[in-house]
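Trainee: This is the structure, below, for whatever I ask next.
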Amino acid sequence: MADFKEAELRNAARHVVSLLRSALAEARGSVPAVSTADEVQVQGQQASGSRQQVDMQEQTAPCNQEQPARRHVQQQRTFGFSGTCGSVEQSMTRSFPGLFKPRKNSTPSPKRKAARSTPVQFYLLNQFVERTPKMSTELLLLQAGLGRRTVTIPEDGQHSEISSLLLQMYPKMASLQGAWMLYKAVGGSGQRKLNVVQPDEEGYTGAYIIKALGGRGGCLYIMPLQGTLDMSPLPFTSREFDRMPKAQCATCHVDMPIQLLALHAQKCEPDTGSRLNSLPDVFSDVEASCDLTEMDSERCAVDEPDSRPAVVVKVSCPLCCDAYPEDCIKEHASTCEGRYEEPRVNSDLQVDQDITNENRQEPYSLADAVCKVKDKIDPQAIFSICVTREEIFHRGLKQWKRQKKATPINPLRVSFLGEAGIDNGALRKEFLTEMMAGIETNLFEGSSAGKTPKYSIMDYQNDNFKIAGEVIAVSIAQDGPPPNFFHEWSYTFISMGEFDKDQLSETDVTDPELLDLISKVETSDKAALIDLLERILACGYMGPVTCDKKASIVSAIVLHSRVRVLPMLQQICTGLKLYGLHDMIKQNPAIFQPLFVPGHLDKPDADFLAMALSPLLSEPGSLKRHKELRIVNFLQDFIQSMDDEGMLVSVASIKDWSSLISS
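Numbering (this note's numbering), first residue to last: 592 to 1254.
Pasting the structure below:
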């Protein structure tokens, strides 16, 4: 554009020069006069010429020497005109040096080269992580408008321009308010470590980003520095999906990006109407009794504008309870006499009930319930705990409370100070085993038949019972030992939110002081009861303290032992809300009871032991892995043969056998 304007100005100036020349020519007549100054100038120019040119003019042909005057006049005219034009051009050159230059020295101005643009792959993460996300997480990020995108970066782009381009591609980045940095993955496969790409003094410019990739391609990860981004799935019509190619789901006939079609197809189910069409025709007997003529049937037919199969929606008649097409129900109701003598259950309601039961995915076994809890683990971050082996329970509680970069909903990784070990599951199980034993010893009291929480106000104020609930949930979800030490009434309160006060037993009392008080009340006389009056009143009993009321006094003490630990149990329930475990326990109390109440896991069968096996095998395809699989299969066959022969297999015997093998 600048070159075009420059050429236009040059042409205009030349036009002005031509007008000046024509005006000078008209002012001096048809033959321009030669001024004295011009002659002097011309003569000076001729004198400054080389001597060889003068000699050549003197040795001209004789025909030219016959007319010297005429030639002299013509030379004066020519030189006079050229000198005038030259002076004008020189004046214009002095006035406009950029526009008027000698033609022999004029060179075209260099054209500005357009800045190069390079396509760069970016990957927006929803929160701070240390490693690249898994393949399963990429689809979730893509649904939320995050994930991988290709952005064309200009080489001369500044930080603000790069931010605008990324904001156009990722609208959810507006909530970050510029608080983000770029990271780059190291080499390798699987989940790789992310290293920060330190910004330049001018920020992330186009040239700096292209240089950071090093010409080898790759992907730059955009990491939020503060907070997290929303992971809720976006509708398929959002502008984040405008550039993606679309395809139609064959089940629900909705257009969506092909990148999300695979994930959608796994969860997509036909609506109730289409599922009714796929079921057997349970309404054939009802349709046979419908007194509709062919004209009425044709009038009730619904013309579909496209080639999709028609969905016939049927409605039950309020008089005869039979099902008819929705478009024909008015004609039927006008002639229906109400066949009350043959009442029947509406088939539509029965089919809907069957469909509802199919959609209700409740666990039918303990293994299914535990697998459902495991699915709630969030792999976006790692919940790391580093403790010493001394006082592992108290140090574990303190480190558990921090929850700075991650929460217990993420996978747990444990390391012990002073030990160079990588947690592949063994350290986590060891830590959870020690924590579960510490919870049973320090926060519960009772016998092997069942324990209840201790009445400890200090632990309640420090939220230690809540941490205990979270540890229990993590232990169940991440292959740790179950909390198989709860008293039955305590588990009833966790699963039901209440307990039956009419079913009280002295065995429910686990506090040593209350047990001592009960034994003294049962064996004391009237005088001894008076000595125990203060302790009895502290338990909330306000009735007469006599020998005839011993049963009421003991019942009040047992009820007091339950009521005073209810806040501790409620705090444990708060911790069990991790992974939604508490809600699952309330929905299926009988399924989870073997994990909490002792007496149900003492005699495992062969299937339970086979499912509990989790061997660490060698690399796939290796000869060593083949031998290991043969050993595992032999162990499974051996356990099943013992079970078939009726031999009792206890947990203790399995532990003894495994310790003998490991030694």
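Glycine residues also receive a C-beta, built at the ideal position from the N, C-alpha and C atoms.
So is H1217 buried or exposed if we call it buried at 16+ other beta carbons inside 10 Å?
Mentor: Within the sequence shown, residue 1217 is the residue found at index 626, counting from 1. H1217 should be labelled exposed.
Trainee: Do three or more CB pairs link the segment 1010 to 1029 to the segment 1078 to 1093 at distances below 8 Å?
Mentor: no
Trainee: To the nearest angstrom, report how far apart S682 and K596 are at their CA atoms.
Mentor: What you label residue 682 is simply residue 91 of the sequence shown in a count that begins at 1. What you label residue 596 is simply residue 5 of the sequence shown in a count that begins at 1. So the two alpha carbons sit approximately 22 Å from each other.
Trainee: Which first and last residues belong to the beta strand (DSSP E) in which G1041 is found?
Mentor: Counting from 1 along the sequence shown, the entry for residue 1041 is found at position 450. G1041 -> beta strand (DSSP E) spans G1041 to P1044.
Trainee: Mapping DSSP to helix, strand and coil, what is E1265?
Mentor: The structure shown has nothing for residue 1265, since the chain only spans 592 to 1254.
Trainee: Could you tell me the distance, in whole angstroms, from the CA atom of P577 to the CA atom of A1064?
Mentor: Look at the range of the chain in this structure, 592 to 1254, and you will see that residue 577 is not part of it.
Trainee: Which residue from Q1178, E1031, D1070 and A1040 puts its Cα closest to that of N1055?
Mentor: The residue labelled residue 1055 in the question sits at position 464 within the sequence shown. Cα-wise, what sits closest to N1055 is E1031.
Trainee: Terminal residues of the continuous beta strand (DSSP E) containing A838?
Mentor: Residue 838 sits at position 247 when you count from the first residue of the sequence shown. Element bounds for A838: K837 to Q839.
Trainee: Count the other C-beta atoms from every protein chain shown that fall within 10 angstroms of the C-beta of P1044, then say buried if there are 16 or more, exposed otherwise.
Mentor: Stepping through the sequence shown from its first residue, residue 1044 is reached at position 453. With 16 or more other Cβ atoms within 10 Å, it is buried.
Trainee: Around the Cβ of R834, are there at least 16 other Cβ atoms within 10 angstroms (buried) or fewer (exposed)?
Mentor: Within the sequence shown, the letter at position 243 stands for residue 834. Classification for R834: exposed.
Trainee: Spell out a yes or no on whether the segment 1138 to 1150 and the segment 1112 to 1120 are touching, meaning 3 or more CB-CB pairs, one atom from each, closer than 8 Å.
Mentor: Look at the beta carbons and you see the segment 1138 to 1150 touching the segment 1112 to 1120: at least three pairs across the two are nearer than 8 Å.
Trainee: Assuming E746 and I801 form a contact by the criterion Cβ under 8 Å, report the distance between their Cβ atoms to the nearest whole angstrom.
Mentor: In the sequence shown, counting from the first residue as 1, residue 746 sits at position 155. In the sequence shown, counting from the first residue as 1, residue 801 sits at position 210. About 6 Å; that satisfies the 8 Å criterion.
Trainee: Go to N1055, then tell me how far its beta strand (DSSP E) extends in each direction, as first and last residue.
Mentor: Reading the sequence shown from its first residue, position 464 is the one you call residue 1055. Premise fails: N1055 lies in the alpha helix (DSSP H), N1055 to A1068, not in any beta strand (DSSP E).
Trainee: Between the beta-carbon of L1106 and the beta-carbon of I1000, is there less than 9 Å?
Mentor: As a working mapping, residue 1106 is identified with position 515 in the sequence shown. As a working mapping, residue 1000 is identified with position 409 in the sequence shown. No, they are not a contact pair.
Trainee: Tell me whether the beta-carbon of L811 lies closer than 9 Å to the beta-carbon of V711.
Mentor: Along the sequence shown, read from residue 1 onward, the residue named residue 811 stands at position 220. Along the sequence shown, read from residue 1 onward, the residue named residue 711 stands at position 120. It is a contact, given that the beta carbons lie within the stated cut-off.
Trainee: Helix, strand or coil: which one does DSSP assign to C1138?
Mentor: Residue mapping note: residue 1138 aligns to position 547 of the sequence shown, counting from 1. Annotated three-state conformation of C1138 is helix, per DSSP.
Trainee: Using only CA atoms, which one of A960, I976 and S766 lies nearest to A1181?
Mentor: To locate residue 1181, count along the sequence shown from 1; it is residue 590. Closest by alpha carbon: A960.
Trainee: Is it the case that the Cβ atoms of R740 and Y761 are separated by a distance below 9 Å?
Mentor: Within the sequence shown, residue 740 is the residue found at index 149, counting from 1. Within the sequence shown, residue 761 is the residue found at index 170, counting from 1. Yes. Within cutoff.
Trainee: Identify every residue that forms a DSSP beta bridge with Y1132.
Mentor: Start at 1 with the first residue of the sequence shown, and residue 1132 comes out as number 541. DSSP lists no beta-bridge partner residue for Y1132.
Trainee: To the nearest angstrom, how far is the alpha carbon of H844 from that of T828?
Mentor: Residue 844 sits at position 253 when you count from the first residue of the sequence shown. Residue 828 sits at position 237 when you count from the first residue of the sequence shown. Cα to Cα, the separation comes out at about 14 Å.
Trainee: Pairs of beta-carbons, one from the segment 1160 to 1180 and one from the segment 1084 to 1102, closer than 8 Å: are there three or more?
Mentor: yes
Trainee: Could you give the C-beta distance for M764 and L758, rounded to a whole number, given that I count them as a contact under 8 Å?
Mentor: Numbered from its first residue, the sequence shown carries residue 764 at position 173. Numbered from its first residue, the sequence shown carries residue 758 at position 167. 5 Å between Cβ atoms; contact.
Trainee: How far does the alpha helix (DSSP H) with L1160 in it extend, from its first residue to its last?
Mentor: The residue given as residue 1160 occupies position 569 in the sequence shown. Start and end: L1157 to G1166.
Trainee: Quick one, are the C-beta atoms of L733 and Q850 less than 9 Å apart?
Mentor: Counting from one through the sequence shown, the residue named residue 733 turns up at place 142. Counting from one through the sequence shown, the residue named residue 850 turns up at place 259. Their beta carbons are under 9 Å apart, which means L733 touches Q850 by this criterion.
Trainee: According to DSSP, is E791 part of a helix, a strand, or is it coil?
Mentor: For this step, residue 791 is matched to residue 200 along the sequence shown. Note on residue identity: the sequence assigns Asp, not Glu, to residue 791. It is a strand residue.
Trainee: Where does M772 fall in DSSP's three states?
Mentor: Taking the first residue of the sequence shown as 1, we reach residue 772 at position 181. If DSSP states are grouped into helix, strand and coil, M772 belongs with the strands.
Trainee: Taking DSSP as the reference, what is the three-state secondary structure of P824?
Mentor: The residue given as residue 824 occupies position 233 in the sequence shown. P824: coil per DSSP, three-state reduction.
Trainee: Are the CB atoms of T1101 and K1020 nearer to each other than 9 Å?
Mentor: Translated into the one-based positions of the sequence shown, residue 1101 becomes position 510. Translated into the one-based positions of the sequence shown, residue 1020 becomes position 429. For T1101 and K1020, no; Cβs fall outside 9 Å.
Trainee: Can V1112 and I1127 be called in contact, C-beta distance under 9 Å?
Mentor: Counting from 1 along the sequence shown, the entry for residue 1112 is found at position 521. Counting from 1 along the sequence shown, the entry for residue 1127 is found at position 536. Yes, the pair counts as a contact, with Cβ atoms nearer than the cut-off.
Trainee: At which residues does the beta strand (DSSP E) containing D846 begin and terminate?
Mentor: In the sequence shown, the residue the question calls residue 846 occupies position 255. Looking at the DSSP string, the run of the beta strand (DSSP E) that includes D846 is D846 to P848.
Trainee: Could you check whether A776 and T723 sit closer than 9 Å to each other, using their CB atoms as the reference points?
Mentor: Against the sequence shown, residue 723 aligns to sequence position 132. Against the sequence shown, residue 776 aligns to sequence position 185. Going by beta carbons, T723 and A776 fall inside the 9 Å limit.
Trainee: Going by beta carbon distance, what residues of the same chain come within less than 7 Å of L988, once the five residues before and after it are set aside?
Mentor: Taking the first residue of the sequence shown as 1, we reach residue 988 at position 397. The answer, listed in chain order, is N1055 and I1058.
Trainee: With H, G and I counted as helix, E and B as strand and the rest as coil, what does DSSP make of R661?
Mentor: Counted from its first residue, the sequence shown places residue 661 at position 70. In this prediction, R661 has a pLDDT of 48, which is less than 50 and means its spatial position is unreliable; nothing more can be read from the coordinates.
Trainee: According to DSSP, is Y812 part of a helix, a strand, or is it coil?
Mentor: Your numbering for residue 812 matches position 221 in the sequence shown. The answer is strand: DSSP assigns Y812 an E or B state.
Trainee: Roughly how many whole angstroms lie between the Cα atoms of A770 and L820?
Mentor: Counted from its first residue, the sequence shown places residue 770 at position 179. Counted from its first residue, the sequence shown places residue 820 at position 229. Roughly 12 Å separates the two Cα atoms.
Trainee: Tell me whether T796 is buried or exposed, calling it buried when 16 or more other Cβ atoms sit within 10 Å of its Cβ.
Mentor: By one-based count along the sequence shown, residue 796 stands at place 205. Burial call: buried.
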